[in-house]
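Each residue of the sequence shown is one higher than the one before, counting from 0 in numbering that gives the first Met the number 0.
What follows is one structure encoded as structure tokens, with my remarks underneath.
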Amino acid sequence: MTDPTPERRNFYGRIRGKTLRASQKDYLAEDLGPLTLRGVTREENPSRGPVPMEPWREGRPLWLEVGFGGGEHLVHMAARNPGVALIGAEPFVNGIAMLLGKVREAKVTNLRLHPGDVRDLFEVLPEASLSKVFLNYPDPWPKARHHRRRFVTQGYLTALARITIPGSEFRVSTDIPDYVRQTLEEVPQAGFALIAEGGTPWDDWFSTRYEQKALREGRVPHYLTFRRT
Ligand SMILES: C[S@@+](CC[C@H](N)C(=O)[O-])C[C@H]1O[C@@H](n2cnc3c(N)ncnc32)[C@H](O)[C@@H]1O
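Okay, structure coming up:
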């Protein structure tokens, strides 16, 4: 989880939060290694060649969740879709530990993670390799001068467009009206057409920790679906 370049240090929250429970330390010690996608970091892959995914992938369609938080949505999707190989990226160690606990509980094997910045993955996933991408409650960056740090900006989006298959789905959920505005403005510019948006979640949606907090605090979820053109 190294992040050598200063421009990459723009995570909204902290990388490490509350003290980990003993069980979570065990998950990290025992499960993080085997579940980490190899060949993503600069140390492991300095030439930034395509990351090897077989035999784990078994030729299955590949989906990605950006910033999975506590991992509830990612594990739900993995359990529901055994014919799909899922990757999640998240730098927050407490979230990673939570995900690992859920992976043990659900006994899913079709999931790998990158414990770091999703942009590392963008560099090493082959062109047109993802058939679905989830961006659930991305960091809001509420101050106007920080809007350029949001995920829905051209730097992130064009890199994402490169690795998505034409026709693939890109889902965004947020509780921030100004984030909806920026998503509607920026995502189509990167080659994703708007398919649907509104207050009704997808049929297979699993409400995340962040969404639950937003609901408790009276904010209103918004769900947007795009298709890569
Ligand atoms: C507001 S939280 C939402 C977490 C989760 N998706 C949910 O809905 O509960 C945003 C998450 O995105 C992660 N994040 C921010 N920038 C990221 C990046 N460049 N790559 C991967 N994850 C990132 C943060 O660490 C944080 O966990």
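Cβ atoms here follow ideal geometry from the backbone N, Cα and C, with glycine treated the same way.
- Phe150 places its beta carbon 8 angstroms or farther from that of Phe191.
- Secondary structure of Ser22 (DSSP, three-state): helix.
- In this structure, the straight-line span from the alpha carbon of His146 to that of Arg118 is close to 18 angstroms.
- Lys106 carries a coil assignment under DSSP once its states are collapsed to helix, strand and coil.
- In chain order, Tyr26 place their CB closer than 6 angstroms to the CB of Gly100, counting only its own chain and leaving out the 5 sequence neighbours on each side.
- Short of 8 angstroms from the beta carbon of Pro51, and not among the five residues preceding or following it, lie these beta carbons of its own chain, in chain order: Arg37 and Gly38.
- Looking at the DSSP output, Gly197 sits in a beta bridge with Tyr222.
- Contact between Tyr222 and Asp174 is absent: CB atoms are separated by about 10 angstroms, not below the 8 angstroms threshold.
- With a cut-off of 8 angstroms on Cβ pairs, the region 58 to 66 is in contact with the region 81 to 94, counting three or more such pairs.
- Comparing alpha carbon positions, the residue from Pro60, Pro81 and Thr157 closest to Pro187 is Thr157.
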